[in-house]
Amino acid sequence: MVDGSLKVADPYCEKVLDPMNDGFIGASVYPGLKTYPTGKTTGIVSVMQANKPIYTWKNNSFTRPDKNNLVIYELLIRDFTSEHTYASTLQKLDYLVSLGSMPSN
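Going by the working numbering, the sequence shown wraps up at 109, each residue one higher than the last.
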C-alpha cells in the first residue's frame, strides 16, 4: 500500500489473481487456478510461494544467446485466440512468422 490508498503488486510474484477476470478462465484453460481470497482483500492480489523447490533443468546442453541479439515478445494467451488456450496459440505461430514478427528458424 502506497500513501494508504494505492495498491502495488509485488513485481517478483509469479501469479496474479484478478476478481474481475479470473471467473472467465475455465479449468480446461488453466487447471488448478487458485481461488481469489474473497472477503480478505479487494482488487488484484499477488500470489507468492515461499521456499519454492529449485527447478532441475532437463536440457544441460542449452547455450544462452547473447542478450544483445535477443528480441523478446509478449503474448497474452487469453486474448490471442478465441479459444484462449496454449494449443490454439501454437496453431497460430505460423501466422506470426508470416507477418515477419519472429524468426522462422
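Just so you know, even glycine gets a beta-carbon here, dropped at the ideal spot from N, CA and C.
For Thr93, the three-state secondary structure derived from DSSP is helix. Here DSSP, grouped into helix, strand and coil, assigns Leu100 to helix. Between Met52 and Asp26 the beta-carbon gap is near 17 Å, outside 8 Å, which marks them as no contact.
Using a Cβ-Cβ distance cut-off of 8 Å, the region 55-66 and the region 27-38 are not in contact, since fewer than three pairs of beta carbons, one from each stretch, lie closer than that value. Taken in chain order, the unbroken stretches of beta strand (DSSP E) that lie wholly in the region 41-100 and span 3 residues or more are 49-51.
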